[in-house]
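Visitor: Chain order of the listed sequences is A and B.
For what it's worth, the working numbering labels the leading residue of the first sequence as 43, then goes sequentially.
For what it's worth, the working numbering labels the leading residue of the second sequence as 43, then goes sequentially.
I am attaching a structure below and will ask some questions about it afterwards.
Number of protein chains: 2
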Amino acid sequence: MAEQSEPTRRAPLSRDRVLRTAVARADAAGIGSISMRGLAQELGVVPMALYKHVANKDELLDGMVDLVIEEFDPPADGLDWKAGVRSRVLSARRAVLRHPWARLAIESRTRRTPTVLGYMDSLAGAFRGGGFSAHLTHHVMHALGNRIWGFTPELFDEPRGDDALPPTAEEQEAMAREFAQRYPHILEIAMAATDGDLSGVGGGCDEQFEFEFALDLLLDGFERLQRQGWVRRPG
Amino acid sequence: MAEQSEPTRRAPLSRDRVLRTAVARADAAGIGSISMRGLAQELGVVPMALYKHVANKDELLDGMVDLVIEEFDPPADGLDWKAGVRSRVLSARRAVLRHPWARLAIESRTRRTPTVLGYMDSLAGAFRGGGFSAHLTHHVMHALGNRIWGFTPELFDEPRGDDALPPTAEEQEAMAREFAQRYPHILEIAMAATDGDLSGVGGGCDEQFEFEFALDLLLDGFERLQRQGWVRRPG
DNA sequence: TTGACAGGTGTACATCGTACACCTACCGTG
DNA sequence: CACGGTAGGTGTACGATGTACACCTGTCAA
Chain A
43 MAEQSEPTRR
53 APLSRDRVLR
63 TAVARADAAG
73 IGSISMRGLA
83 QELGVVPMAL
93 YKHVANKDEL
103 LDGMVDLVIE
113 EFDPPADGLD
123 WKAGVRSRVL
133 SARRAVLRHP
143 WARLAIESRT
153 RRTPTVLGYM
163 DSLAGAFRGG
173 GFSAHLTHHV
183 MHALGNRIWG
193 FTPELFDEPR
203 GDDALPPTAE
213 EQEAMAREFA
223 QRYPHILEIA
233 MAATDGDLSG
243 VGGGCDEQFE
253 FEFALDLLLD
263 GFERLQRQGW
273 VRRPG
Chain B
43 MAEQSEPTRR
53 APLSRDRVLR
63 TAVARADAAG
73 IGSISMRGLA
83 QELGVVPMAL
93 YKHVANKDEL
103 LDGMVDLVIE
113 EFDPPADGLD
123 WKAGVRSRVL
133 SARRAVLRHP
143 WARLAIESRT
153 RRTPTVLGYM
163 DSLAGAFRGG
173 GFSAHLTHHV
183 MHALGNRIWG
193 FTPELFDEPR
203 GDDALPPTAE
213 EQEAMAREFA
223 QRYPHILEIA
233 MAATDGDLSG
243 VGGGCDEQFE
253 FEFALDLLLD
263 GFERLQRQGW
273 VRRPG
């Protein structure tokens with residue numbers, strides 16, 4: 043009786059609840075922690091129950107990505123194309139940084155859900171509104187690539203999940219010497235990025251700066267082409 | 043006896059043979075077809091035998107990527123930095139196109155093997171040799187991002203492995219109408235890219251052109267910064 | 001002759017996605 | 001009120017995967 047009279051022994055499942063739980067789990071424990079079984083357990087339900095709400099794991103992932111995209115700020119008005127695109131992309135970046143797993147998830151899927159298409163369409167609209175030809179809009183969207191999602195492949199990142207024992211001081215010294223010999227330019231870059239303090243290289247990059255540096259470089263390039271009257275490729 | 047006297051009943055395993063077989067298999071059947079078990083079978087060997095030559099599957103993938111990188115052309119001499127970087131990146135692209143799985147493999151791994159580091163170091167050297175400060179070199183490498191490997195995330199790609207039944211003519215018509223309403227700018231772009239022939243959108247993009255368009259846009263931007271005497275970020 | 005060791009084997013386990021048949025509670029219709 | 005369809009949750013089962021661990025075997029140096 044005690045059990046029966048409890049008003050809702052378990053909140054009923056729904057696609058939305060499944061997706062939101064998955065997002066929360068991924069936020070906390072990484073995308074690798076998402077399994078149909080684990081997720082079901084967290085929802086107090088048998089694994090197969092999820093399949094009544096999402097077709098399969100791929101669709102689950104797509105849905106999670108959609109939720110992130112829905113966090114993007116709506117377009118602000120009163121901005122010219124350049125400021126508009128810039129602010130939208132940086133807003134996308136903020137959302138993706140809130141959900142670190144999203145970068146990998148976006149990279150690995152190619153499903154064009156309505157949410158994805160909607161975002162792309164509205165970005166394209168910003169360029170068109172700024173006087174870009176359809177052709178030029180096409181090319182600049184390609185040039186932005188995944189940067190429209192607010193991230194760059196982070197070339198100099200720490201390797202993911204490297205949990206070897208930290209090397210001893212002398213091992214470290216020896217590695218550093220060999221590294222300096224084999225990769226002098228990378229060393230130089232790393233020194234520049236960290237102002238000479240190499241402890242924790244990789245964490246030394248200011249990713250936000252790098253992102254905006256590249257974004258502005260591209261936007262400036264776009265602007266120049268558009269002003270020059272670039273309309274479509276010759277031939 | 044017949045069996046014993048056969049000179050080599052099976053070519054002996056080696057790390058190299060394992061990796062090359064894996065690359066060939068991935069070339070033929072995609073990265074998804076790479077499993078330790080399948081690979082072992084192809085080599086006429088029990089799965090665990092592979093572990094005497096590669097530490098685990100991750101290392102196998104890293105090794106495969108290294109093989110692709112080793113196909114990149116060596117730096118040509120007599121070129122200025124811009125032509126040099128351009129030709130190296132385009133050479134990387136040719137190699138990656140030869141091994142279509144490599145794009146995904148490179149995106150998903152972050153291990154910096156000596157081969158990876160060597161390539162990055164030599165690219166960085168090209169910029170340094172062209173008069174770029176270490177700081178600027180760092181930033182432009184970030185700006186290139188995965189483009190140094192010769193690919194862009196292909197925003198408008200066909201979704202991978204969509205094997206649903208082809209829609210009927212009327213379904214197609216209805217979808218097209220709805221699409222046009224919801225995503226007018228994407229439609230416009232697609233029309234531009236395909237010169238009005240929408241059959242097989244997505245295949246309509248000239249990826250090579252898009253790649254070079256973006257690459258040159260970036261390289262021109264780099265050149266401009268370098269000429270302006272950009273050395274390091276203020277502050 | 002011996003014994004170490006590199007390289008190949010066999011068994012076993014945990015984990016995963018998901019197909020399929022089933023049950024059950026509800027709700028609109030007769 | 002009876003009833004039948006249906007949405008949603010259950011249980012069992014299968015095949016695949018990566019890989020730990022103990023084992024065997026052939027080769028070669030001492």
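No residue lacks a Cβ here, since even glycine has one placed at the ideal position from N, Cα and C.
Assign M90(A) to one of two classes, buried (16 or more other C-beta atoms within 10 Å of its C-beta) or exposed (fewer than that).
Guide: Its Cβ having fewer than 16 others within 10 Å, M90(A) is exposed.
Visitor: Could you give the DSSP three-state label for P116(B): helix, strand or coil?
Guide: Coil.
Visitor: Could you give the C-beta distance for H141(A) and V273(A), rounded to a whole number, given that I count them as a contact under 8 angstroms?
Guide: 38 angstroms between Cβ atoms; not a contact.
Visitor: Could you compute how far the alpha carbon of Q270(A) sits from the alpha carbon of D262(A)?
Guide: Roughly 12 angstroms between the two C-alpha positions.
Visitor: Applying a beta-carbon distance threshold of less than 8 angstroms, which residues of chain B neighbour R170(A)?
Guide: Result: H227 and E230.
Visitor: Are the beta-carbon atoms belonging to H95(B) and V127(B) less than 8 angstroms from one another?
Guide: Cβ atoms of H95(B) and V127(B): not closer than 8 angstroms.
Visitor: Using a Cβ-Cβ cutoff of less than 8 angstroms, which residues in the same chain neighbour A216(A) once the five nearest sequence positions on both sides are dropped?
Guide: Answer for A216(A): no residue qualifies.
Visitor: Note down, in chain order, every chain A residue with its Cβ under 9 angstroms from the Cβ of L283(B).
Guide: Given a span of 43 to 277 for chain B in the structure shown, any question on residue 283(B) remains unanswerable.
Visitor: Please name the residue, chosen from S75(B), Q268(B), G167(B) and K99(B), that lies closest to R57(B) on a Cα-to-Cα basis.
Guide: When each option's Cα is compared against that of R57(B), the closest is K99(B).
Visitor: Terminal residues of the continuous alpha helix (DSSP H) containing Y161(A)?
Guide: Unbroken alpha helix (DSSP H) run through Y161(A): P156 to G171.
Visitor: Can you pull the chain B neighbours of D163(A), defined as C-beta to C-beta under 8 angstroms?
Guide: R224, Y225, P226, H227 and I228, listed in chain order.
Visitor: If you draw a straight line from the alpha carbon of S133(B) to that of L165(B), how long is it in whole angstroms?
Guide: Each residue's Cα considered, the two are about 13 angstroms apart.
Visitor: Quick one: is A66(B) buried, meaning 16 or more other Cβ sit within 10 Å of its Cβ, or exposed?
Guide: Burial call: exposed.
Visitor: Assuming contact is defined by CB atoms lying nearer than 8 angstroms, are A287(B) and L102(B) in contact in what I supplied?
Guide: Because chain B here runs from 43 to 277, residue 287(B) falls outside it and cannot be looked at.
Visitor: In this structure, how does DSSP classify A64(B) when only helix, strand and coil are distinguished?
Guide: Helix.
Visitor: Using the beta-carbon of each residue, which ones in chain A are nearer than 9 angstroms to F255(B)?
Guide: Chain A residues near F255(B): H181, V182, H184, A185 and R275.
Visitor: Leaving aside the five residues before and after M106(A) along the sequence, list all residues of the same chain whose C-beta is less than 7 angstroms from its C-beta, in chain order.
Guide: Counting only Cβ-Cβ distances below 7 angstroms, and skipping sequence neighbours, we find L61, A64, V65, A68 and A147.
Visitor: Going by CA-CA distance only, name the one from A232(B), H184(B), A222(B) and D104(B) that's closest to F264(B).
Guide: If we check each option's Cα against that of F264(B), H184(B) comes out closest.
Visitor: Quick check on DSSP: helix, strand or coil for G238(A)?
Guide: DSSP places G238(A) in coil when its eight states are reduced to three.
Visitor: Can you have a look at R79(B) and say buried or exposed, based on whether 16 or more other CB atoms are within 10 angstroms of its CB?
Guide: With fewer than 16 Cβ atoms within 10 Å of its Cβ, R79(B) is classed as exposed.
Visitor: Could you check if Q268(B) is buried or exposed, using at least 16 other CB atoms within 10 Å of its CB as the buried criterion?
Guide: Classification of Q268(B): buried, given that the 10 Å Cβ count is 16 or more.
Visitor: Using the beta-carbon count (16 or more within 10 Å), is P195(B) buried or exposed?
Guide: Buried: at least 16 other Cβ atoms inside 10 Å.
Visitor: Sort W123(A), A82(A), T157(A) and L197(A) by Cα distance to F114(A) and report the nearest one.
Guide: With distances taken between Cα atoms, F114(A) lies closest to T157(A).
Visitor: Leaving out five residues before and five after A82(A) in sequence, what residues of the same chain have Cβ atoms less than 7 angstroms from its Cβ?
Guide: Excluding residues within five positions, the ones whose Cβ falls inside 7 angstroms are V88, P89, A91 and L92.
Visitor: Rounded to whole angstroms, what is the Cα-Cα separation between W123(A) and A234(B)?
Guide: Going by the C-alpha atoms only, they are around 20 angstroms apart.
Visitor: Does DSSP put H141(B) in a helix, in a strand, or in coil?
Guide: H141(B): coil per DSSP, three-state reduction.
Visitor: Taking only three categories from DSSP, how would you classify V273(B)?
Guide: Note: V273(B) maps to coil in three-state DSSP.
Visitor: Give me the chain B residues within the contact set of A166(A), using Cβ-Cβ distance strictly less than 7 angstroms, ordered along the chain.
Guide: Here the neighbours are H227, I228 and I231.
Visitor: Under a three-way DSSP split, which group does D248(B) fall into?
Guide: It is coil, neither helix nor strand.
Visitor: Could you tell me the alpha carbon to alpha carbon distance between L229(A) and P117(B), rounded to whole angstroms?
Guide: Distance between the alpha carbons of L229(A) and P117(B): 20 angstroms.
Visitor: With distance defined between alpha-carbon atoms, name the residue in L240(B), R136(B) and D104(B) nearest to R189(B).
Guide: The shortest Cα separation from R189(B) among L240(B), R136(B) and D104(B) belongs to R136(B).
Visitor: May I ask which residues mark the beginning and end of the alpha helix (DSSP H) holding R79(B)?
Guide: R79(B) -> alpha helix (DSSP H) spans M78 to E84.
Visitor: Could you compute how far the alpha carbon of T210(A) sits from the alpha carbon of R154(B)?
Guide: Each residue's alpha carbon lies about 20 angstroms from the other.
Visitor: Using CA atoms only, rank isn't needed, just tell me which of L159(B), G86(B) and I76(B) is closest to I111(B).
Guide: With distances taken between Cα atoms, I111(B) lies closest to L159(B).
Visitor: Just verifying my parser: in three-state terms, what is the DSSP assignment at P89(B)?
Guide: Of the three classes helix, strand and coil, the one that applies to P89(B) here is helix, per DSSP.
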